[in-house]
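Those sequence lines, one after another, are chains A and B.
According to the working numbering, the residues represented by the first sequence are 396 to 712, in order.
According to the working numbering, the residues represented by the second sequence are 816 to 1147, in order.
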Amino acid sequence: MEILQFALRKIIGGIPLILGVTFISFLLMVYYGPDKTYELLGKNPTAEQIESVRAELGYDQPFLQRYVTYLREIVTLDFGNSFSSGERVNSILKRTMPISLAVITPGFILGNLLGLVLALVAAYHRSGWIDKAIMGFSVVGMSISFLIVVIAFQLIFCSSYGLNWFPSRGWDVYSLSDYLRFVTVPTMATIFVALGYNTRFYRAVIVEEMGRDHVRTARAFGTPPAQLLYRSVLKNSLIPIITRIMFSIPLVVISGSLIIETYFGIPGVGKVTYDAITQGDQPILKAVVGLTAVLFVLTLLITDILYRVVDPRVSLK
Amino acid sequence: MTAPVGKKPVLTVKELVIEFQTERGVVRAVDGVSFELYAGQTLGIVGESGCGKTVTCLALLGLVPTPPGRIVSGSIELNGRNIVGLGDREMRNIRGRDISMIFQEPMTALNPVFTVGNQLCEVIRRHTDATRRQAHAQAVEMLAVVGIPAPAKRMGDYPHQLSGGMRQRVMIAMALSCNPSVLVADEPTTALDVTTQAQVIEQMVLLQEQFDMAVILITHDLGVVAETCEDVMVMYCGQVIEQAPASGLFTRPSHPYTAGLLASIPRIRRERLQELPVIRGMVPDLLSLPMGCRFSTRCEYADQRCQAQIPSLRTATGTDAAVACFKPLGEA
Ligand SMILES: Nc1ncnc2c1ncn2[C@@H]1O[C@H](COP(=O)(O)OP(=O)(O)OP(=O)(O)O)[C@@H](O)[C@H]1O
Ligand SMILES: [Mg+2]
Chain A
396 MEILQFALRK IIGGIPLILG VTFISFLLMV YYGPDKTYEL LGKNPTAEQI
446 ESVRAELGYD QPFLQRYVTY LREIVTLDFG NSFSSGERVN SILKRTMPIS
496 LAVITPGFIL GNLLGLVLAL VAAYHRSGWI DKAIMGFSVV GMSISFLIVV
546 IAFQLIFCSS YGLNWFPSRG WDVYSLSDYL RFVTVPTMAT IFVALGYNTR
596 FYRAVIVEEM GRDHVRTARA FGTPPAQLLY RSVLKNSLIP IITRIMFSIP
646 LVVISGSLII ETYFGIPGVG KVTYDAITQG DQPILKAVVG LTAVLFVLTL
696 LITDILYRVV DPRVSLK
Chain B
816 MTAPVGKKPV LTVKELVIEF QTERGVVRAV DGVSFELYAG QTLGIVGESG
866 CGKTVTCLAL LGLVPTPPGR IVSGSIELNG RNIVGLGDRE MRNIRGRDIS
916 MIFQEPMTAL NPVFTVGNQL CEVIRRHTDA TRRQAHAQAV EMLAVVGIPA
966 PAKRMGDYPH QLSGGMRQRV MIAMALSCNP SVLVADEPTT ALDVTTQAQV
1016 IEQMVLLQEQ FDMAVILITH DLGVVAETCE DVMVMYCGQV IEQAPASGLF
1066 TRPSHPYTAG LLASIPRIRR ERLQELPVIR GMVPDLLSLP MGCRFSTRCE
1116 YADQRCQAQI PSLRTATGTD AAVACFKPLG EA
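Pasting the structure below:
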């Protein structure tokens, strides 16, 4: 009950955020985004033709009215039809979102999990050679650009110059084995790129926690290493860990999938968004921006609830 | 030392030397400390900040942070077994079962995300083969023993729901839960208000008798030492400079440093206290110690021999005290 009330309060509190984000994005989209009118018209259009296309696209209405329409679309979750293909935006999203999630999720989870494990090991052996080796590799991983990693991985795993085990591009998935075939290389690339950052961040958090009094107490009572790391260290560093993971979700979902999907030719939301930006397909952009803002507010809400779950000192206020 | 006849010490520390590798060089934080401890006895360790009290005690539990720290030489016999150089696993079995330690900061010493009951049961189950239910029952009993009202209810509380005094009692309950032979208390009451301090100390004295433990009490409060300790060990720059029964030490200190410490206790009764007599000068840096007696730079009796040679611990004539001084008070 307390949680429900809290959730409601948070969502209401998130409305200004959604309004702000969507307003600014829409403003930029309308005044600085590409104009679809002339693409749809042939050569030498008459003034009437231009008028009618603009009316069809809704360009002729005043800005505020168009913004209100946009808000109505967000509330009803109905964004009309794509300017480019004429397909319903909702059905495009319904088709592409699962693909994007399927592409990003394994890399996101494994990247954080592996980072956490490496960080725990490094922090436990602090300033020993294991720690130094792990931190060394992290720095190397951090300093190589994503593009190079993708090209290198495609060469190594997807080409006849290398192992040629996986397809380099595309998404042709009908079974689990198809899925594994297409998802492996993008996943490895994302892990490779994220791992260094994750490991360094988590190590810093864990090292700080290991210096705390209650960890020394646990040691003084004979707590074995695995339990010490789990009960005393990990459980107490969950707040910064959760914060990092949760706040990277909107970012990863949008920019992560945008980059991966373009490099690997995967028809997910990222690819659709990318195409929509280049073609000025406003209905799709409006949907993506609106949903991202909503996702962000939901993320904030879930993060706060998770804080309460992991730390008894936090109250839902 | 007051060695009870026919009893064997539970803890014998011999010539313990501990060094730390620091950026500025090797620091010898504990330098040749020796003492014995018998069941039912309380040993007080006093001395200025940084003289090696905590490090000495951490060594007893094998908790000296390594690196940078290292036990260079010496032995620590706990119940007849030398624990210096024991493996990690063996050391873990000893901690909390044969020897327990409670720390200065009750506010932060407990794990904030588990209930006190959970943490107590955890320790009990690690060191005994009690079932979950037995451990729970024993934990409640321990909370009652250390004087926590409504202990069964308190089991479900998180540390932040308890007051400082309560938390320190929980720490004591945890330390005593496996009936250790030695309890180390490192300034257990420093962070508490005066009334709570007195209560917690009183409780500890009671429990020591009840459990027949040996206790090492580190404190800056000489009044507490006088009330609770049979023996007192005065440390200075990593060395023991005087070791004596508390009764004698307070009435007739042998080492000029001890005398200085005692004189620095404000006495309310003394009328019109002009100024507090304090020991002049500063504690020397462990990296650049004086050649001879470490206290010689601050000692008003020091002569050439004091500045050239390090006095070793010996019995001062006419007392039970062991003192490391060429010119102990009352022997001139
Ligand atoms: N982790 C460490 N790294 C380096 N040197 C240390 C470390 N811990 C302790 N030392 C050294 O050991 C000396 C003794 O420290 P210790 O904590 O035992 O002092 P103490 O007598 O307990 O002082 P206090 O009354 O302030 O608690 C310090 O002066 C310091 O130089
Ligand atoms: Mg100390």
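For every residue, glycine included, the Cβ atom is placed at its ideal position computed from N, Cα and C.
Here the structure is a predicted model, which means the values were calculated and not measured.
What would DSSP say about residue i, mapped onto helix, strand or coil?
i         : result
A:Ala621  : helix
A:Ser652  : helix
B:Thr827  : strand
A:Asp573  : helix
B:Ser915  : strand
B:Val999  : strand
B:Glu834  : strand
A:Asn593  : helix
B:Pro882  : coil
B:Met1050 : strand
B:Thr1073 : helix
B:Ala924  : coil
B:Thr1183 : With chain B running from 816 to 1147 in the structure shown, residue 1183 of chain B is simply not present.
A:Phe616  : coil
B:Arg839  : coil
A:Val568  : coil
B:Val845  : strand
B:Glu1086 : Reliability fails at B:Glu1086, whose pLDDT of 48 lies under 50, so the model's placement of it is uncertain and the value that follows must be treated cautiously. Three-state result, B:Glu1086: coil.
B:Gly889  : strand
Does at least one heavy atom of ligand 4 sit under 6 Å from the Cβ of residue i?
i        : result
B:Gly865 : The model on display carries ligand 1 and ligand 2 but not ligand 4.
Excluding the five sequence neighbours on either side, which residues of its own chain have a C-beta within less than 8 Å of the C-beta of residue i, listed in chain order?
i         : result
A:Val689  : Ile413, Ile469
A:Ile586  : Gly502, Leu505, Gly506, Leu509
A:Val647  : Ile499, Phe503
A:Leu542  : Tyr658
B:Glu1086 : Note on B:Glu1086: pLDDT 48, under 50, position unreliable in the model; no value is reported.
B:Val825  : Leu852, Tyr853, Ala854, Leu893, Asn894, Ser996, Val997, Ala1029
A:Ala402  : Leu696, Ile700
A:Thr491  : Pro662, Gly663, Val664, Lys666, Val667
Measuring only from the beta carbon, is residue i closer than 6 Å to any heavy atom that is part of ligand 1?
i         : result
A:Pro662  : no
B:Leu875  : no
B:Pro883  : yes
B:Pro1099 : no
B:Ala924  : no
B:Ala1000 : no
B:Pro880  : yes
B:Val842  : yes
B:Phe835  : yes
Can you list, in chain order, the residues of its chain with a C-beta nearer than 7 Å to that of residue i? Leave out the 5 residues immediately preceding and following it.
i         : result
A:Lys666  : Glu656, Thr657
B:Arg1109 : Tyr1051, Cys1052, Gln1054, Pro1099
B:Ala1074 : Pro1068, Leu1144
A:Tyr519  : Pro620, Leu624
A:Ile644  : Thr694
B:Glu863  : Val1098
B:Pro974  : Leu925, Pro927, Val931, Arg982
Less than 6 Å between the CB of residue i and some heavy atom of ligand 2, yes or no?
i        : result
B:Thr869 : yes
Excluding sequence positions up to five away, which residues of its chain have a Cβ less than 6 Å from the Cβ of residue i?
i         : result
B:Thr1043 : Thr857, Val1020
B:Glu830  : Gly847, Ser849, Gly889
B:Arg885  : Glu834
B:Val841  : Glu834
B:Val1138 : Glu1057, Ser1069, His1070, Ala1131
B:Met916  : Leu876, Val999
Our contact map puts residue i next to residue j with C-beta atoms below 8 Å; I'd like the distance itself, whole angstroms only.
i        : j         : result
A:Arg607 : B:Thr923  : 7 Å
A:Ile637 : A:Ile398  : 16 Å between Cβ atoms; not a contact.
A:Val448 : A:Ile679  : Incorrect: roughly 18 Å between the Cβ atoms, too far for contact.
B:Ile963 : B:Ala1000 : Rounded, the Cβ-Cβ distance is 18 Å, inconsistent with contact.
B:Pro927 : B:Gln983  : So it is not a contact: roughly 16 Å between Cβ atoms.
B:Val861 : B:Val1015 : That pair is no contact at about 18 Å.
For the segment 592-609 of chain A against the segment 864-881 of chain B, do three or more pairs of beta-carbon atoms, one drawn from each stretch, fall closer than 8 Å, so that the two count as touching? Result no; under three Cβ-Cβ pairs closer than 8 Å.
Decide yes or no for the touch test of the segment 575-582 of chain A against the segment 541-561 of chain A: beta carbon pairs closer than 8 Å, at least 3 of them. Yes, since at least three Cβ pairs between the segment 575-582 of chain A and the segment 541-561 of chain A fall closer than 8 Å, the two stretches touch.
Could you tell me whether the segment 402-422 of chain A touches the segment 675-686 of chain A, using the rule of 3 or more Cβ pairs below 8 Å? They touch, by the three-pair rule.
Cβ contact check for the segment 894-901 of chain B and the segment 941-961 of chain B: 3 or more pairs under 8 Å: Touching, no.
Please confirm if the segment 936-950 of chain B is in contact with the segment 901-921 of chain B, defined as three or more CB-CB distances below 8 Å between the two stretches. Of all C-beta pairs linking the segment 936-950 of chain B to the segment 901-921 of chain B, three or more are shorter than 8 Å, placing the two stretches in contact.
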